[in-house]
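Encoded as structure tokens, the structure appears first; notes follow it.
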Amino acid sequence: MIELNTATKHYDSFTAVDNVSFSVRTGEYFALLGPNGAGKTTIVKMLLDFTRPTSGSLSLNSISSTKAASRNAVGYLSENFRIPPYLTGWQYLQRCAELLDISRHDARDQCKRIVRLVGMEGREHTKANTYSKGMIQRFGLGAALIGNPKLLILDEPTEGLDPIGIRETRQLLESLKDQGMTIFLNSHLLSEVEKICHTVGIINHGKLLVKNSISAIVKDGDTLEDVFVRLVKG
Ligand SMILES: Nc1ncnc2c1ncn2[C@@H]1O[C@H](COP(=O)(O)OP(=O)(O)O)[C@@H](O)[C@H]1O
Ligand SMILES: [Mg+2]
Numbered sequence: 000m001i002e003l004n005t006a007t008k009h010y011d012s013f014t015a016v017d018n019v020s021f022s023v024r025t026g027e028y029f030a031l032l033g034p035n036g037a038g039k040t041t042i043v044k045m046l047l048d049f050t051r052p053t054s055g056s057l058s059l060n061s062i063s064s065t066k067a068a069s070r071n072a073v074g075y076l077s078e079n080f081r082i083p084p085y086l087t088g089w090q091y092l093q094r095c096a097e098l099l100d101i102s103r104h105d106a107r108d109q110c111k112r113i114v115r116l117v118g119m120e121g122r123e124h125t126k127a128n129t130y131s132k133g134m135i136q137r138f139g140l141g142a143a144l145i146g147n148p149k150l151l152i153l154d155e156p157t158e159g160l161d162p163i164g165i166r167e168t169r170q171l172l173e174s175l176k177d178q179g180m181t182i183f184l185n186s187h188l189l190s191e192v193e194k195i196c197h198t199v200g201i202i203n204h205g206k207l208l209v210k211n212s213i214s215a216i217v218k219d220g221d222t223l224e225d226v227f228v229r230l231v232k233g
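Next up, the structure:
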């Protein structure tokens, strides 16, 4: 579903992503882990063609990321996601559906279902400038679900959420497993990642240190956090 082939990104003389290759299979829940500045968001931006690799290539669904068709059925939540303060959460979701050319009737049904799914029923008709960060994040995840994507690319989906929001997000993402969803997420919440993801990649200074199943990486008595700290400090 996702493939990176020696993907490299230079910003002038600085190497943000250094010769990274890995793939994520259909139905896989994958988390890219790494300290701040490791290159996680740059990888997401290359996957979605917001920026082009200096060398190497990336693809979604076997189509080069440089082609718009690669983004069919892809839902995306950006890091630092915001809703324009003058829109309500409902209006924002409706606008997203419009941009996807979803009919008015279908959009209403989908948005209703999604508002319920992200736990925002009753709050959808107030303006975004009254929302907490966690509420905005929930609507952002909701927006990523519009159009029934097959692949979700989520850059720090639990950023700003309280423990209940984090748990509900995990439960929501878990509930999508049955529908054959593929998920690529960036996260710092290693204990959450350990609960939900099949595979992780650990990146530091733009270099991929490991990509494997959690069970192969985390040995007896260790936690994912132990492995992470050891590799990154390594
Ligand atoms: N547009 C840019 N110009 C120059 N440097 C950038 C740019 N975008 C990101 N970087 C640098 O690339 C590195 C990786 O950034 P990023 O991918 O956002 O990291 P992460 O998401 O892992 O925190 C950082 O050191 C960042 O400062
Ligand atoms: Mg980032």
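Going letter by letter, the sequence shown gives residues 0 to 233 in numbering that gives the first Met the number 0.
Built from N, CA and C at the ideal position, the CB exists for glycine as well.
First and last residue of the uninterrupted beta strand (DSSP E) at residue i
{"i": "Lys-8", "result": "1–10"}
{"i": "Gly-200", "result": "198–203"}
{"i": "Asp-181", "result": "With the sequence shown as reference, residue 181 is identified as Thr, and Asp is not the correct amino acid for it. It spans 181–185 - the beta strand (DSSP E) in which Thr-181 sits, taken as one unbroken run."}
{"i": "Leu-283", "result": "Only positions 0 to 233 of the chain appear in this structure, which leaves residue 283 out of reach."}
DSSP three-state assignment for residue i, whether helix, strand or coil
{"i": "Leu-144", "result": "helix"}
{"i": "Leu-32", "result": "strand"}
{"i": "Tyr-91", "result": "helix"}
{"i": "Asn-211", "result": "strand"}
{"i": "Val-43", "result": "helix"}
{"i": "Leu-189", "result": "helix"}
Beta-carbon contacts of residue i that lie in its chain and below 6 angstroms, excluding the five residues immediately before and after
{"i": "Ala-37", "result": "Ile-202 and Asn-203"}
{"i": "Ala-30", "result": "Leu-184, Ser-186, Val-192, Cys-196 and Val-199"}
{"i": "His-9", "result": "Thr-53"}
{"i": "Val-217", "result": "Leu-223 and Val-226"}
{"i": "Asn-4", "result": "Ser-20, Gly-55 and Ser-56"}
{"i": "Glu-2", "result": "Ser-22 and Ser-58"}
Pair within 8 angstroms by beta-carbon distance, residue i and residue j
{"i": "Met-180", "j": "Leu-151", "result": "yes"}
{"i": "Thr-65", "j": "Asp-154", "result": "no"}
{"i": "Phe-80", "j": "Ile-135", "result": "yes"}
{"i": "Ser-69", "j": "Ser-63", "result": "yes"}
{"i": "Val-117", "j": "Gly-146", "result": "no"}
{"i": "Leu-144", "j": "Gly-74", "result": "yes"}
Boundaries of the alpha helix (DSSP H) in which residue i is found, first to last residue
{"i": "Val-228", "result": "223–232"}
{"i": "Ala-15", "result": "Element bounds for Ala-15: not the alpha helix (DSSP H) but the beta strand (DSSP E), 13–23."}
{"i": "Lys-66", "result": "Segment: none, Lys-66 is in no alpha helix (DSSP H) and carries neither H nor E."}
{"i": "Ile-165", "result": "162–174"}
{"i": "Val-73", "result": "Careful: Val-73 lies outside any alpha helix (DSSP H), inside the beta strand (DSSP E) at 73–76."}
Same chain, Cβ closer than 8 angstroms to residue i, five either side skipped, listed in chain order
{"i": "Lys-194", "result": "Arg-169"}
{"i": "Thr-133", "result": "Rather than Thr, the amino acid found at residue 133 in this sequence is Gly. Result list for Gly-133: Gly-159, Leu-160, Asp-161 and Gly-164, in chain order."}
{"i": "Leu-188", "result": "Thr-157 and Ile-165"}
{"i": "Arg-122", "result": "Gly-88, Tyr-130 and Met-134"}
{"i": "Leu-207", "result": "Val-19, Ser-20, Phe-21, Gly-200 and Ile-201"}
Contact set for residue i: own chain, Cβ-Cβ below 7 angstroms, skip 5 residues either direction
{"i": "Gly-26", "result": "Gly-179 and Thr-181"}
{"i": "Arg-24", "result": "Met-0"}
{"i": "Glu-167", "result": "Gly-118"}
{"i": "Gln-93", "result": "Ala-106 and Cys-110"}
Any non-hydrogen atom of ligand 4 within 7 angstroms of residue i CB
{"i": "Ala-37", "result": "With respect to small molecules bound, the structure shown includes ligand 1 and ligand 2 and not ligand 4."}
- Query: Under a criterion of Cβ closer than 7 angstroms to any non-hydrogen atom of ligand 2, which residues qualify, in chain order?
  - Reply: Look at which beta carbons fall closer than 7 angstroms to any heavy atom of ligand 2; those residues are Lys-39, Thr-40, Glu-78, Asp-154, Glu-155 and Asn-185.
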